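Novice: Dropping a structure here in structure tokens format, bear with me for questions.
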Amino acid sequence: MRMSEKMYASSRQAWLTYFWRRAKNHDVEEDIADDRLQFWIEQGNHPVTTSDVVEVDRGLHELKKLGIESQLWEATRRAFDDESINHGSPFGSEV
Numbered sequence: 056m057r058m059s060e061k062m063y064a065s066s067r068q069a070w071l072t073y074f075w076r077r078a079k080n081h082d083v084e085e086d087i088a089d090d091r092l093q094f095w096i097e098q099g100n101h102p103v104t105t106s107d108v109v110e111v112d113r114g115l116h117e118l119k120k121l122g123i124e125s126q127l128w129e130a131t132r133r134a135f136d137d138e139s140i141n142h143g144s145p146f147g148s149e150v
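Each residue of the sequence shown is one higher than the last, beginning at 56 in the working numbering.
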């Protein structure tokens, strides 16, 4: 396995861990987020193999298919809106 493939898989494993941790923290895809997070944490704890490249590609496809990034943007926006409503405008007075 070439070094570039190892770096690709390793960086994507970290990316998948990041996204699934955010999903879990924002209650996005609650039924699977914790399992996926644990899976990607474990994947990152061992040396990268050829099969990891396949798993990473599957993981990225799953993120896209489920629309995780869009769901996270929406959850973050809602949290920000809730914070603004509960504590006033972050800009002080109405703009």
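Note that the Cβ used here is the ideal one computed from N, Cα and C, for glycine as well.
Values in this document were obtained by computation on a predicted structure and should not be read as measured data.
Taking the Cβ atom as the reference point for each residue, do residue 134 and residue 83 lie within a distance shorter than 8 Å?
Specialist: Looking up residue 134 in the sequence shown gives position 79. Looking up residue 83 in the sequence shown gives position 28. No, the Cβ-Cβ distance between residue 134 and residue 83 is not below 8 Å.
Novice: At what residues does the alpha helix (DSSP H) containing residue 112 begin and finish?
Specialist: Taking the first residue of the sequence shown as 1, we reach residue 112 at position 57. 105–121 is the span of the alpha helix (DSSP H), which, as asked, contains residue 112.
Novice: Reducing DSSP to helix, strand and coil, say where residue 90 ends up.
Specialist: For the purposes of this step, residue 90 is taken as the residue at position 35 of the sequence shown. Three-state DSSP puts residue 90 in a helix.
Novice: Using C-beta distances below 7 Å, list every residue in its chain close to residue 88, excluding the 5 sequence neighbours before and after it, in chain order.
Specialist: Here residue 88 corresponds to residue number 33 of the sequence shown, with the count starting at 1. Once the five neighbours on either side are set aside, the close Cβ partners of residue 88 are 75, 78, 79.
Novice: Hey, how far is the Cα of residue 56 from the Cα of residue 110?
Specialist: Here residue 56 is taken as the residue at index 1 of the sequence shown, counted from 1. Here residue 110 is taken as the residue at index 55 of the sequence shown, counted from 1. Distance between the alpha carbons of residue 56 and residue 110: 15 Å.
Novice: Distance, Cα to Cα, residue 64 vs residue 103?
Specialist: Looking up residue 64 in the sequence shown gives position 9. Looking up residue 103 in the sequence shown gives position 48. Using only the alpha carbons, I get a separation of about 7 Å.
Novice: Tell me whether residue 62 sits in a helix, a strand or coil according to DSSP, three-state version.
Specialist: Here residue 62 corresponds to residue number 7 of the sequence shown, with the count starting at 1. Helix at residue 62.
Novice: Within a Cβ cutoff of 7 Å, which residues of the same chain sit near residue 137, ignoring the five residues on either side of it in sequence?
Specialist: Position 82 of the sequence shown, counted from the start, is the residue given in the question as residue 137. The answer is none, since no qualifying residue turns up.
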